[in-house]
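Scroll down for the structure; my scribbles are underneath it.
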Amino acid sequence: MIDQPTIDRILDAAQIYDVVSDFVTLRKRGVNYVGLCPFHDDKTPSFYVSPAKGLCKCFACGKGGNAVHFIMEHEQMSYPEALKYLAKKYGIEIKERELSSEEKIAQSERESLFIVNNFARDYFQNILKNHVDGRSIGMAYFRSRGFRDDIIEKFQLGYCTESHDALALEALNKGYKKDYLVKTGLCYETDDHRLRDRFWGRVIFPVHTLSGKVVAFGGRVLASATKGVKVKYVNSPESEIYHKSNELYGIYFAKQAIVKQDRCFLVEGYTDVISMHQSGIENVVASSGTALTPGQIRMIHRFTNNMTVLYDGDAAGIKASIRGIDMLLEEGMNVKVCLLPDGDDPDSFARKHNATEFQNFIQENETDFIRFKTNLLLEDAGKDPIKRAELIGNLVQSISIIPEAIVRDVYVKECAQLLHVEDKLLVSEVAKRREKQAGQQAERAERERRLANAARANAEAGIANGNHTAATTTPDAQQAVGYPPELLPDGSLSETPPPFPPEEYVSFIPQEGKEGQEFYKYERLILKMVVLYGERVMCNITDEEGQETPITVTEYIVNDLKEDELAFHNPLHRQILTEAAERIHNEGFTAERYFVAHPDPVISKLSVELISNRYQLRKSQIEQMVTDEERLYELIPRLMINFKYAIVCEELKHTLSALQNPAIANDETQCNSIMERYNELNKVKSLMAKRLGDRVILNL
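Structure below.
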């Protein structure tokens, strides 16, 4: 792990203009620079670079951040990889944290497996190019598929001879360990303890990780090597470094094109990907013949929200694969389907057409997934009423998992027309499914709440028994991380502040899909104040002895939330606030600096988004920020008032909804527990209204 002082040196050295100008032509505009955005098809310059702030941002697609974020996005690197890239650019020596013995062993083993895979890749490539069988069999096969030499080289294709142990013998002779040959799946051990090659007699397709490391291999048997071989394709087994459900063939070569085109094409096999690349379509990946997994979907979703699935017309294959596409819809992705002409798969179709023709065909023939699925299942159901009922249930399930209400409504109306049924029927069925899903979510939330309460009770019991190590939220612990004593209504300081909500805050409000809610807007604004001004003193509190205690922005926010036993809704926001509170009294701590340079790239990127917007790159906005800083004592309390009232109202609404769920209503214990929570929230709302008066209404 790279230590924080080294990260700081890298960030200090990395000049945003120098880094971005390596990839983008920039022109001076006032105090900033502007150029065409590298992350989308930019027609007019919309990518701004601010040397003064050390930030860049595209005001069309929203991509940007500091120098590290730019390299991560442009080169599709991880956070540590981007830091190492910049360190190399500026000649900074990387100092990494000393690993524990267990970490060293695990890291050494992983590195060894990658090294063995690299050896195998080079071996297979060498056989393909220089061995007589490689040229006459392997290369002949690739040429018959129409692959050019540059494409063969790009995808690092290879060949393994028909000898059953040629790779094993070569590896052992070069000093590679038998254990690693077996663990990578390149070889397997027979009952008499001899090593045998897994991929003998096959052309080889290396599988790369997102960063380009060879993590596995696929091998296709050829006609001359089919004696006794029944399996056409063989793939590396699962290993320490390879988990098939988390890898996509071609993602390393496609990632930049996916970002640029804002679309990903999904095909089935290795040769489909390679042929489409050769034809000029590079934003394509393959699921390698398996249904999509959540891990693969998350990987694609990192780069785009738009997916087009290409089918070759095999009806049975289509029906088997569409089951997995519901997961794409659940992720909120825009899924389309394109059926290729009969007799063509993406491989053969790409060989017959250039990129423009292929793209035009897709544009003219693709259709959204729900419409495609409806037409496909309608064809099967015919006039059979039972099958049509099953079809409606199938479609309702797919529509109900779509997170966006507007998209669901559009699909309901469209399906009602296609199925010739009342849209009220579909609306009702979708509502039932979503209610059931909400009930299941509420049950999970309630289970988590009970676990959290049990943990708190155990901690309190530990304190009562003198076991202070069992508690994590004692007043002493709160003081140790910088929480000030609680301010009483008369202005004095209490000795024992009320407990702050547990780390795992339980809420009936769904985590996803609430970004448009009123409370979420205020939550983001408050967090922005923490990142920008968290360590600044916003007011002083005078105790009975006349001594003043300075209160920082972070301390005020923490205590104000604690007063009503509330917390930020988003777990990431809670983490940022907690870290700010823990470090607020550390010498030299600056919230903005700390969070922008945070070792967690998700936190650092969110921090940059919070402090940068279209106008902060302008001088006038910088002056406005100074004005905000001068009136923190007024601004922060107003934001807190709006946030607390909005979240209590929203929480009450969702808690009441949970109580109306039949499954919960029939469970007396669960119902009583949720009712208790509902009553607590009502009391909080009443106290807030009484304490704040009509200021609540005026500020909303």
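Going by the UniProt record's numbering, the first residue of the sequence shown is number 1, and it counts up by one from there. The C-beta atom is built at its ideal place from N, Cα and C for all residues, glycine as well. Only a predicted model underlies this, so the values are computations on that prediction, with no experimental measurement involved.
In the structure shown, N130 falls within a helical segment according to DSSP collapsed to helix, strand and coil. DSSP, reduced to helix, strand and coil, places F23 outside both helices and strands of the structure shown, so it counts as coil. In this structure, the CA atom of E668 is about 53 Å from the CA atom of N66. The beta-carbon separation of A13 and C37, rounded to 25 Å, does not stay under the 8 Å limit for a contact. One alpha carbon belongs to F358, the other to F349, and they sit about 8 Å apart.
A residue is called buried when at least 16 other Cβ atoms come within 10 angstroms of its Cβ; L572 does not meet this threshold and is exposed. Note that the C-beta distance between S163 and D122 is not below 9 Å.
Within the DSSP secondary-structure output, G64 pairs in a beta bridge with K57. The beta carbon of F23 sits closer than 7 Å to the beta carbons of P38 and H74 from its chain, once the five residues preceding and following it are set aside; these are given in chain order. Taking the Cα positions, Y249 is about 25 Å away from T367. Following the DSSP letters along the chain, one finds V231 in no beta strand (DSSP E), marked with neither H nor E.
Judged by their CB atoms, I2 and P601 are not nearer to each other than the 9 Å cut-off. Cβ neighbours of I402 within its own chain (closer than 8 Å, five residues either side excluded): L329, E330, G332, R408 and Y411. Residues of the same chain with a CB within less than 6 Å of the CB of S607, apart from the 5 flanking positions on each side, are V531, F595 and V596 in chain order. Contact annotation: V215 and Y242 have beta-carbon atoms nearer than 9 Å. Beyond the five residues adjoining it in sequence on each side, N672 comes within less than 7 Å, by CB distance, of no other residue in the same chain.
For S50, the enclosing beta strand (DSSP E) begins and ends at F47 to S50. Of A431, T190, A120 and L635, the smallest CA-CA separation from G158 is found for A120. The DSSP-derived three-state label of H654 is helix. If you draw a straight line from the Cα of V31 to the Cα of L55, it comes to about 13 Å. Contact check for Y556 and I636: beta-carbon distance about 6 Å, within the 8 Å limit, so the pair qualifies. For the pair F265 and L310, the CB atoms are nearer than the 9 Å cut-off. If you draw a 10 Å sphere on the C-beta of A431, you find fewer than 16 other C-beta atoms in it, and that means exposed. Under a 10 Å Cβ-count criterion, V132 is classified as exposed, with fewer than 16 other Cβ atoms of the shown protein chains found around its own Cβ. A residue is called buried once 16 or more other Cβ atoms fall within 10 Å of its Cβ, and V231, having fewer, is exposed. Within a 10 Å sphere around the beta-carbon of E676 sit fewer than 16 other beta-carbons, which makes this residue exposed. Secondary structure note for P550: its beta strand (DSSP E) is the uninterrupted segment E548 to T552. In this structure, G212 is the residue among A166, L377 and G212 with its C-alpha nearest to the C-alpha of K154. Around the beta-carbon of D380, fewer than 16 other beta-carbon atoms lie within 10 Å, marking it exposed.
Note that the C-beta distance between C415 and I370 is below 9 Å.
Annotation: the region 242-280 contains the following complete segments of the alpha helix (DSSP H) (minimum length 4 residues), in chain order: 251-261 and 270-279.
For the options N126, S400 and T374, the alpha carbon positioned closest to that of V421 is the one of T374. Contact between T6 and I94 holds: their C-beta atoms lie close to 6 Å from each other, under 8 Å. With a contact defined as Cβ atoms closer than 8 Å, L659 and L681 miss out at about 12 Å. Taking a C-beta distance under 9 Å as the contact criterion, Y180 and L210 do not qualify as a contact pair. Here T367 is bridged, per DSSP, to V337.
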